[in-house]
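Chains as they are written, first to last, in my numbering: chain L, 1 to 330; chain R, 1001 to 1402. Don't be surprised by glycine CBs; every beta carbon is placed ideally from N, CA and C.
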Amino acid sequence: MKKPNIAALLLLMALAMSGMWAAADELQDASALFKQGNNAQALDKVNSYLANHPKDAKARFLLGLIYTEQNKPAEAIKVFTALTEDYPELPEPYNNLAVLFAAQGQYDKAKIALEAAIRTHPSYAIAHENLGDIYAKLATQAYDKALQLDKTNTTAQTKLELIKELFPGSPRAAKVTAKQETAKTDTVAAVTPSTPEPKKAKTDDAAKESRPAATGDNTQDVLNTVNAWAQAWSKGDVAAYLAFYSQDFKTPNGESREAWEKSRKERISKSMSIQVSVIDPKVTLSDATHAKASFKQDYRSNTLKSTTAKTLRLVKSGDKWLIETEQAGR
Amino acid sequence: MMHKLAYGAVLSLTLGLASSVSSMNDHALQAAVARAPQEPEALLVNSLLEISRNRLDMAMVEIDNAIKANPNFRLAHLIKGDLLLAHTRPINTIGDVPNAPPQRIMELREEAKARLQRRSQNQPLDYIPKYLLQMHPGQHYAIVVDVSLSTLYLYQNLNGEPRYVTDYYISSGKNGAVKLKEGDQRTPLGVYFVTADLPKSQLSDFYGVGAYPISYPNEWDRQHGRNGHGIWLHGTPSDTYSRPPHSSNGCVVLTNQDLTTLGKTLQIGLTPVIITEHVEWVSHETWRAQRNALASQIENWRRDWENRDTEAYLHFYAKNFNANGQTLAQWANQKRRVNGTKAWIKIDISNVSMFLYPGYVNLAVVNFDQDYSSSNLSTRMKKRQYWINENNHWKIIYEGAA
């Protein structure tokens, strides 16, 4: 592992100290609003903070994230590019720049940005992973040209992992890597808190038992259901996956059940390998037949990688828990 | 950024090319590269060689240059895909594409093999394809196609000696060589001549920048019942740089840039196109001896005819002689009758060309201008003869107007 760059350390310490100033509350608010998905208000706050602290890396980083979430890639690219110019030793802006370029199908630019991120931090795991995806994507493009395969609309499918926080909890950027890695190792264990051998969740045997038997413990049943749902999804077993949704399931965009099932089917069967993990699930029972499960959903496929917060509302029908609503956020 | 250098070795080993690469000495390597070093093929072969040496970064530079030289070079894109993917997982074979159409992958692998094999051959500077016995002074160039090597050799007539100019990658018939009949998608083997120049404006995009029909079926093909038509040298559709080694309906297909260059050397009705399965190479000494042996027989034939020594003259004709249905007996009767009426005959032959026929040890195609004058008749004609060597004597087995 490379020793942290001294200049970067100094800078980061300075940034951390700036966090102690009163105005930092405004930035924390902005960050909290952003995490709640309230992008418009977050934008107002961060802009007002930036009016007094135009060079603040953390605030500008947040601004880039808000623009990204608001689907304003040109603005976001501008913000992250400026950050790489002012703070070339920070790998995160490079990574996010790469994510934005990749989303636009500009894989060569994405590759250059990720290589820059890795140059600054050779052990930066996410950048390595994203770079691997970029290579795979570029390879696919090359193969398509070689074989004259007609693949339309593939660019939209690539989504790399966006870094959501600049040095969270610590002024040392190097720790970002470490922290992310820890989060990842935790993931496996967290998938199935009830199972002693978490790896087993991935095997076929476990998948066969994907429909959990009622244990009488509602919380545990909901947990098992959520894990089984993730497994059916991971296996690409569309029928089993769709069976987790109640007849009254509220489709996310108000489309017909049929249209929604069709789009899910397409999406799931299109990906060659899907791995969906449920991380840090929290189950709240509002009564004996209604439950809310919130968790981090770690989704990896051949084309897309994302970690998002997710909330499922489930209703008990007979001895089964079925999904009534599915929402991003916790 | 190269994490997985070992994949380079895997790649080259599984190309099935490793042996041909490692058997190339440095001299041959330099020769391979020195020959038109900026050609897309040279750059591609360089990239494959770099892969075999496990220098993936250099391999990427070369393959990018190959793609820059021709953006429609599909094989180069395939290699590039492998090089990129080698960053993320082991590459087990050339074109390690999941769920790819197997036929296309196989064709591109064949092209890789053919191009590497071609480039690993030394330039034929000390040897001559045995077929080019003699070009006549007006024939500036000759073409020899080696179907098994996917290669077209261009020879220049330099004061009567064939001199190697260059060679090109070509594609030939889907079903291989020895065309027999219409639609068999095979490339004919034999001695042919360029018969026309079809400009791009008269062709569909499939034929690329142009086409040069050749004289298949020739007299020998017809006598052997071989039919079909429309065997051309032609270019490549605009959406691809090259086609797989065995992909045509019998035509000889070049890249557009090569066909354009080659086209400048072709003379309609004159330039020979000799297509063979494997080129047989001979030394200059052997070539000269073979040329002189046939040339002196032709001269003897001319002299005996001029001397009205009809029986000696007829001795030059093979038992199986056949001139457009005329048998040896019919031919002999006619010659005895005609020659008997002459007080004198004078025969001049000029612009003699002699080409050995591929696939035979003893067959030659001879063309010349014949200036015949006699006491009661004079004619000038272009003549074509097929000579066959029977028991060490060259004899005529076909004779007619060219």
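| Query | Result |
| --- | --- |
| Spell out whether any CB of chain R is found under 8 Å from the CB atom of L:Lys109. | no |
| So which of L:Tyr299, L:Ala42, L:Asn218 has the shortest CA-CA distance to L:Gln275? | L:Tyr299 |
| Give the straight-line distance between the Cα atoms of L:Pro88 and L:Ile163, rounded to the nearest whole angstrom. | 16 Å |
| Quick one: does L:Gly132 have its CB under 8 Å from some CB of chain R? | yes |
| Counting only runs of 3+ residues fully inside the region 1249-1298 of chain R, write out the beta strand (DSSP E) ranges in chain order. | 1272-1276, 1281-1283 |
| Please report the distance separating the alpha-carbon of R:Tyr1216 from that of R:Leu1189. | 9 Å |
| Is the CB-CB distance between R:Pro1244 and R:Leu1108 below 8 Å? | yes |
| Decide yes or no for the touch test of the region 1275-1289 of chain R against the region 1130-1137 of chain R: beta carbon pairs closer than 8 Å, at least 3 of them. | yes |
| What residues in the region 1230-1264 of chain R bring their beta carbon closer than 9 Å to a beta carbon of chain L? | Asp1239, Thr1240 |
| Applying a beta-carbon distance threshold of less than 8 Å, which residues of chain R neighbour L:Tyr94? | Within chain R, no residue comes near L:Tyr94; the closest Cβ sits about 14 Å away, beyond 8 Å. |
| Give me whichever residues DSSP pairs with R:Val1365 in a beta bridge. | R:Phe1355, R:Tyr1386 |
| Who are the near neighbours of L:Ala127 in its chain, counting only those whose CB is closer than 8 Å to its CB and skipping five residues on each side? | Pro91, Tyr94, Asn95, Ala98, Leu114, Ala117, Ile118, His121 |
| Quick one: list the residues of chain L neighbouring R:Leu1075, beta-carbon separation under 8 Å, in chain order. | Ala146 |
| My output table needs one value for L:Trp321: the three-state DSSP class, helix, strand or coil. | strand |
| Starting from the beta carbon of R:Thr1088, find every residue of chain L whose beta carbon is closer than 7 Å, and list them in chain order. | Gly132, Tyr135, Ala136 |
| Does the Cβ of L:Val283 have 16 or more other Cβ atoms within 10 Å, making it buried, or fewer, making it exposed? | buried |
| Report all residues from its chain with a CB closer than 7 Å to the CB of L:Trp260; omit the five preceding and five following residues, and keep chain order. | Thr251 |
| Rounded to a whole number of angstroms, what is the C-alpha to C-alpha distance between R:Leu1224 and R:Ser1052? | The sequence given here places His at residue 1224 of chain R; Leu does not occur at that position. Roughly 47 Å separates the two Cα atoms. |
| Provide the residue span of the alpha helix (DSSP H) that contains L:Phe80, from first to last. | 73-86 |
| From what residue to what residue does the beta strand (DSSP E) around R:Tyr1168 run? | 1161-1169 |
| Which residues in chain R have a C-beta closer than 9 Å to the C-beta of L:Ala328? List them in chain order. | Those within 9 Å of L:Ala328 in chain R number zero; the least Cβ separation is about 29 Å. |
| Less than 8 Å between the beta carbons of R:Val1253 and R:Ile1170, yes or no? | yes |
| I believe L:Tyr143 touches R:Val1365 by the beta-carbon criterion, under 8 Å. Please report the beta-carbon distance rounded to the nearest angstrom. | No, L:Tyr143 and R:Val1365 are not in contact; Cβ-Cβ is about 47 Å, not under 8 Å. |
| Are the beta-carbon atoms belonging to L:Ala327 and L:Thr307 less than 8 Å from one another? | As written in the sequence, residue 327 of chain L is Gln, which differs from the Ala given in the question. Not a contact, by the Cβ cut-off of 8 Å. |
| Can you list, in chain order, the residues of its chain whose CB lies under 7 Å from that of L:Leu34, leaving out five sequence neighbours each side? | As written in the sequence, residue 34 of chain L is Phe, which differs from the Leu given in the question. Cβ within range, chain order: Ala42, Leu62, Leu65, Ile66. |
| Is any beta-carbon of chain R found at less than 8 Å from that of L:Ala143? | Sequence check: residue 143 of chain L is Tyr here, not Ala. Cβ-Cβ to chain R under 8 Å: yes for L:Tyr143. |
| Please report the straight-line C-alpha distance between L:Glu258 and L:Arg313, rounded to a whole angstrom. | 20 Å |
| Tell me whether R:His1077 sits in a helix, a strand or coil according to DSSP, three-state version. | helix |
| Mind checking who R:Ala1142 pairs with in its DSSP beta bridge? | R:Tyr1155 |
| Beta-carbon within less than 6 Å of R:Gly1173's beta-carbon, same chain only, minus the 5 sequence neighbours each way: which residues are those? | Gln1185, Arg1186, Thr1187, Ser1248, Gly1250 |
| Any idea what DSSP makes of L:His121, helix, strand or coil? | coil |
| Taking a cut of 8 Å between CB atoms, which residues from the region 1097-1113 of chain R lie near chain L? | Val1097, Pro1098, Ala1100, Pro1101, Arg1104, Ile1105, Leu1108 |
| Helix, strand or coil for R:Gly1400, going by three-state DSSP, please let me know. | strand |
| Check whether the region 1189-1200 of chain R touches the region 1370-1379 of chain R, counting contact only when three or more Cβ pairs, one atom from each stretch, lie closer than 8 Å. | no |
| Excluding sequence positions up to five away, which residues of its chain have a Cβ less than 7 Å from the Cβ of R:Ile1105? | Gly1095, Val1097 |
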